[in-house]
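J.:
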Amino acid sequence: MKIVCNVLLLLVCSTQLAVAYDRITGAPFASRSEVIASNGMAATSQPLATQVALDILKQGGNAVDAAIAANAMLGLVEPTGSGIGGDLFAIVWDANTKQLYGLNASGRSPLSLTKDEFTQRGLTKIPSFGPLPVSVPGAVDGWFELHKKFGSLPMTTILAPAIGYAREGFPISEVVAYYWQMNVDRIGHYPGFADVFMPGCKVPRKGDIFKNLSLAATYEKIATGGRDAFYKGDIARAIAAYMKEQGGFLSYDDLAQHTSEWVTPVAANYRGYDIWELPPNGQGIAALQILNILEQYDIEGMGFGSADYIHTFVEAKKLAFEDRAKYYADPAFNDIPVTQLISKEYASKRRKLIDPQQASKRLDAGVVDGDTIYLTVADKDGNMVSLIQSNYRGMGSGMTPPELGFVLQNRGELFTLEPGHNNAYKPGKRPFHTIIPAMVTRNSKPWLSFGVMGGATQPQMHAQIIVNLIDFGMNLQEAGDAPRFIHVGSSSPTGGLMKDGGAISLENGFAPVQVRELMERGHQLHNILGIYGGYQAIMYDADKQIYYGASESRKDGQAAGY
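Taken in order, the sequence shown gives residues -20 to -1, 1 to 542; the numbers are from mature numbering (1 follows the signal peptide of the UniProt record, and there is no 0).
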C-alpha cells in the first residue's frame, strides 16, 4: 500500500468528488442503478462467477448450490482473493425453518508446530509467507457441510461450470490482473507457483486467456469423491508431501482430522433492524459493538460525510477494536464474553469515553466477565446465503503443491506469539479471522445479505453500510458506492497497541472543510490506496417479493438476477 502523508495532497485529492454527473436519478456518487429481479439474485466480485450462480439457479438449484458453484468459480477466476487452499464462513437464511444458520469452516494450526519452533528461529511474529503460516484449509469441508444441510443438486453438477472454465480458459478481468502482478512480486518465487499461475513464465494480463488444468482435475476429484477426496485422499497426501519438502508442518493427519463447526449467529438491534454476525474466532461482533455505540447519537442529523459523523464513528471503532485486540480468538481455547461485548449496557459504558471534540490517542479494552472474496445468492423460494472466503494475503502463503492448481493459505500469520494472549499460537488452534459474512433481519424476516471484503477493515465497513442504509436512507447500490473512510492503527489481536490514535484515510468525495475539522480535533490523516474493500449485497422486499442486488465499482464484480 502506498501511503501519502502530505496533508495538502490529501486536501487536493479530496476535492475530486466521486460523482456520476450524467445520472438523472439517485445519489451522485452511485455508479449504477440497483439490479431488481423476482426469481433469484447473485452478487459476486467477478461477473463470470455471478453468471455461474444464476445458471445453477435456473437449473433448479437453490441458493446454497449456487453459492458453492460461485465460490468454486471464484477460486479459478479470482485466485488473488480466494481458493480451496483457504477458509470459509457463511450465514444461511433457510426459508423452510425460517431460521439463520452459521458455519465456521476455518482451519486449525498444525499439531506438530509448537510455539518453541518460532522461538528457536528467533521470530517474534509469525511470517507472512512460506510454510510457517499455513493452517488447514477449511473451504472444501465448508462446501460439503453446506451441501449436506441445504443442497439440492449433486456436487458434480455444482462444480461442473468451474471445471469447464478451468479447462477451456477465461479472460482475466482488470482488478484481478492488477493483484495477480502484486502477488507474483511477493510469492512468485516459491516452488510450484509459477507452474500454475505464470504460464510460459509470464504474468497474465487483463484480457489474457488463462487455463488451470490442475485445478480442473482437483475439482473433478472433489466432485466425485466428496470432501474425503480432499482431506483423506490423494490431494491430502500431495499437500502433506509438498509441505514436508518445504520444511513445513501441515501434515496428512492435520487434514484428515479437520472439521467445520455450525455456530449460532449473534445479533445487535440497530434502530429496529437485527444485524447478524458470526461469533469469534472471526471479528464480526466488532461491527455490532460499533453500531451499539453509535445508536444513541443522531447520526442522521450529523449528515453523511460530516466531521461530526466521521469523528464519532472513528472513536466508536477505536473502542470496539481495543476489545477485538484483547478478546477475539478461538472460543475452543478461551472463554470469550460475547454476550457482554455486544450488549447495550456495555456500549453505554464505552460511549462515555468518547470526547466529541478530541480524537483519542490511547484506549484500553473494556472490563467484562477474539484479501478476500465475498458473494451472496438468493433463490425463488426465499433462501439467502452470505458467504465469504479467502486465502488471507491475496493468493496466500505461496505454498503451491504440484499439480493441484491452488495456493495454501497463510492464516496462521494472524496468531500472536505474545504469552498469555487469547490469540496466542497453539497447535490445533484456529487463528483470529478477519473475514466476516453478515445478514440483517427485520421483524424476524430476511432483509439484507451483505459483506465487504477488506481484511481487518471489514467491521467498520459493515457498520458504514448499515448506517448508509438506515440513517442516511441510501439505496442498496448507493450504500456501497458512497465514499468510505477507514481508520487504521488500532491495537491488534496479533500484537501491538495503539499509542498515537492511528490515522484516518478518506476516499475521494469528502469536502476539504471536513478534512480540516478532523485535523483540528486531533486526527491524523493519511491517504492509503486500495483499502476500501469490495461490497456485494442482496436486499429482499417481502411485501413485493422481489430482490435488489448491488455490486460496487471498486472490484470487477456484478450483481444479476432473473
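Cβ coordinates follow ideal geometry from the N, Cα and C atoms, glycine included.
Just so it is clear, the structure is predicted and the values come from calculations on it, not from any experiment.
Starting from the Cα of Gln438, find the closest Cα among Ile511, Pro463, Pro473, Thr421 and give me that residue.
T.: Counting from one through the sequence shown, the residue named residue 438 turns up at place 458. That would be Ile511, whose Cα lies nearest to the Cα of Gln438.
J.: Taking a contact to mean a Cβ-Cβ separation below 9 Å, would you say Ser25 touches Ser531 in this structure?
T.: For the purposes of this step, residue 25 is taken as residue 45 along the sequence shown, with counting starting at 1. For the purposes of this step, residue 531 is taken as residue 551 along the sequence shown, with counting starting at 1. Yes, the pair counts as a contact, with Cβ atoms nearer than the cut-off.
J.: Around the Cβ of Trp242, are there at least 16 other Cβ atoms within 10 angstroms (buried) or fewer (exposed)?
T.: Position 262 of the sequence shown, counting from 1, holds the residue named residue 242. It counts as exposed.
J.: So, is the C-beta of Pro27 closer than 9 Å to a C-beta in chain D?
T.: Given the protein chain composition of this structure (a single chain), no chain D is represented.
J.: Using the Cα positions of Ile159 and Gly149, report the straight-line distance between them to the nearest angstrom.
T.: Numbered from its first residue, the sequence shown carries residue 159 at position 179. Numbered from its first residue, the sequence shown carries residue 149 at position 169. For the sequence presented, residue 159 should be read as Tyr rather than Ile. If I take the Cα positions, the gap works out to 19 Å.
J.: Nearest by alpha-carbon distance to Trp73: which of Phe173, Glu257, Ile167 is it?
T.: Walking along the sequence shown from the start, residue 73 turns up at place 93. Taking only the C-alpha atoms, the option nearest Trp73 is Glu257.
J.: Please classify His467: does DSSP put it in a helix, a strand, or coil?
T.: Here residue 467 is taken as the residue at index 487 of the sequence shown, counted from 1. His467 falls in the strand class under three-state DSSP.
J.: So Asn448 is in the alpha helix (DSSP H); what residue range does that whole segment cover?
T.: Locating residue 448 in the sequence shown gives position 468, counting from the first residue. First-last of the alpha helix (DSSP H) with Asn448: 438 to 450.
J.: Could you tell me the boundaries of the beta strand (DSSP E) in which Lys425 lies?
T.: Taking the first residue of the sequence shown as 1, we reach residue 425 at position 445. Here the beta strand (DSSP E) through Lys425 covers 425 to 433.
J.: Should the stretch 362 to 374 be called in touch with the stretch 409 to 424, which here means at least 3 C-beta pairs below 8 Å?
T.: A contact exists between the stretch 362 to 374 and the stretch 409 to 424.
J.: Mind the definition here: the stretch 505 to 522 touches the stretch 297 to 311 only if three or more C-beta pairs lie below 8 Å; say whether that holds.
T.: Cβ pair count under 8 Å is below three, so no.
J.: How is Glu58 classed by DSSP in three states: helix, strand or coil?
T.: Translated into positions along the sequence shown, residue 58 becomes position 78. Note: Glu58 maps to coil in three-state DSSP.
J.: Can you tell me where the beta strand (DSSP E) holding Met21 begins and where it ends?
T.: Translated into the one-based positions of the sequence shown, residue 21 becomes position 41. Taken as a continuous stretch (DSSP letters only), the beta strand (DSSP E) holding Met21 covers 21 to 24.
J.: Alpha carbon to alpha carbon, how far is Lys298 from Met21?
T.: Within the sequence shown, the letter at position 318 stands for residue 298. Within the sequence shown, the letter at position 41 stands for residue 21. Near 35 Å, if we compare the C-alpha coordinates of Met21 and Lys298.
J.: Just the C-alpha distance for Leu56 and Ala339, rounded to the nearest angstrom, thanks.
T.: Position 76 of the sequence shown, counting from 1, holds the residue named residue 56. Position 359 of the sequence shown, counting from 1, holds the residue named residue 339. Approximately 44 Å between the Cα atoms of the pair.
J.: By a C-beta neighbour count over all protein chains shown, 10 Å radius and 16 as the cutoff for buried, is Pro259 buried or exposed?
T.: For the purposes of this step, residue 259 is taken as residue 279 along the sequence shown, with counting starting at 1. Buried, since its Cβ has 16 or more Cβ neighbours within 10 Å.
J.: On a CA-only basis, which of Met282, Asn371, Leu321 is nearest Phe301? Give me that one, please.
T.: As a position in the sequence shown, residue 301 is number 321, starting the count at 1. Per the Cα distances, Leu321.
J.: Round the Cβ separation of Ala119 and Ile36 to the nearest angstrom and send it over; I've been treating them as touching at under 8 Å.
T.: Here residue 119 corresponds to residue number 139 of the sequence shown, with the count starting at 1. Here residue 36 corresponds to residue number 56 of the sequence shown, with the count starting at 1. Going by Cβ atoms, the distance from Ala119 to Ile36 rounds to 18 Å, so no, they are not a contact pair.
J.: Do the stretch 463 to 470 and the stretch 484 to 492 make contact, defined as three or more Cβ pairs closer than 8 Å?
T.: Verdict: yes, contact present.
J.: Which class does Thr352 belong to by DSSP, given the choice of helix, strand or coil?
T.: As a position in the sequence shown, residue 352 is number 372, starting the count at 1. In this structure, Thr352 counts as strand in the three-state DSSP scheme.
J.: Please name the residue or residues paired with Gly514 in a DSSP beta bridge.
T.: Indexing the sequence shown from 1 puts residue 514 at position 534. For Gly514, which the question treats as bridged, DSSP gives the partners Met433.
J.: For Tyr528 and Asp521, I'd like the C-alpha separation in whole angstroms.
T.: For the purposes of this step, residue 528 is taken as the residue at position 548 of the sequence shown. For the purposes of this step, residue 521 is taken as the residue at position 541 of the sequence shown. Cα to Cα, Tyr528 sits roughly 8 Å from Asp521.
J.: Sort out for me which residues DSSP pairs Phe69 with in a bridge.
T.: The residue given as residue 69 occupies position 89 in the sequence shown. Partner(s): Asn84, Ile368.
J.: Taking the alpha-carbon of Asn19 as reference, which of Gln538, Leu195, Ile526 has the nearest alpha-carbon?
T.: Translated into positions along the sequence shown, residue 19 becomes position 39. It is Ile526 whose Cα lies nearest to the Cα of Asn19.
J.: Leaving out the 5 sequence neighbours to the left and right, which residues in its chain are closer than 7 Å to Val155 when beta-carbon positions are compared?
T.: As a working mapping, residue 155 is identified with position 175 in the sequence shown. Contacts found: Lys535, Asp536.
J.: Could you compute how far the alpha carbon of Ile273 sits from the alpha carbon of Phe293?
T.: Residue mapping note: residue 273 aligns to position 293 of the sequence shown, counting from 1. Residue mapping note: residue 293 aligns to position 313 of the sequence shown, counting from 1. Straight-line Cα distance between these residues: approximately 9 Å.
J.: Taking C-beta to C-beta, are Arg342 and Gly481 nearer than 9 Å?
T.: On the sequence shown, position 362 is the one that residue 342 refers to. On the sequence shown, position 501 is the one that residue 481 refers to. Against a cut-off of 9 Å, the Cβ pair of Gly481 and Arg342 comes out as a contact.
J.: Roughly how many angstroms separate the alpha carbons of Ile265 and Leu388, rounded to a whole number?
T.: In the sequence shown, the residue the question calls residue 265 occupies position 285. In the sequence shown, the residue the question calls residue 388 occupies position 408. Near 27 Å, if we compare the C-alpha coordinates of Leu388 and Ile265.
J.: For the alpha helix (DSSP H) that contains residue 547, what are its first and last residues?
T.: As shown, the chain starts at -20 and ends at 542. That puts residue 547 outside it, with no answer to give.
J.: In terms of residues, what are the limits of the beta strand (DSSP E) holding Ile255?
T.: Numbered from its first residue, the sequence shown carries residue 255 at position 275. 253 to 257 is the extent of the beta strand (DSSP E) around Ile255.
J.: Give the range of the beta strand (DSSP E) segment to which Val420 is assigned.
T.: The sequence position of residue 420 within the sequence shown is 440, counting from 1. 418 to 422 is the extent of the beta strand (DSSP E) around Val420.
J.: Can you tell me where the alpha helix (DSSP H) with Ala197 in it begins and where it stops?
T.: As a working note, residue 197 is residue 217 in the sequence shown. 193 to 205 is the span of the alpha helix (DSSP H), which, as asked, contains Ala197.
J.: Alpha carbon to alpha carbon, how far is Ile143 from Thr136? Give it in angstroms, no decimals.
T.: As a first step, residue 136 must be located in the sequence shown, where it is residue number 156. As a first step, residue 143 must be located in the sequence shown, where it is residue number 163. Cα to Cα, the separation comes out at about 10 Å.
J.: Count the C-beta pairs between the stretch 198 to 212 and the stretch 73 to 92 that are closer than 8 Å, then say yes if the count reaches three, no if not.
T.: Contact between the stretch 198 to 212 and the stretch 73 to 92 is absent, because fewer than three Cβ pairs lie under 8 Å.
J.: Taking the CB atoms as reference points, tell me whether Gly41 and Leu133 lie closer together than 9 Å.
T.: What you label residue 41 is simply residue 61 of the sequence shown in a count that begins at 1. What you label residue 133 is simply residue 153 of the sequence shown in a count that begins at 1. Yes, Cβ-Cβ distance for Gly41 and Leu133 is below 9 Å.
J.: Looking at Gly205: is its Cβ nearer than 9 Å to the Cβ of His413?
T.: Here residue 205 corresponds to residue number 225 of the sequence shown, with the count starting at 1. Here residue 413 corresponds to residue number 433 of the sequence shown, with the count starting at 1. No.
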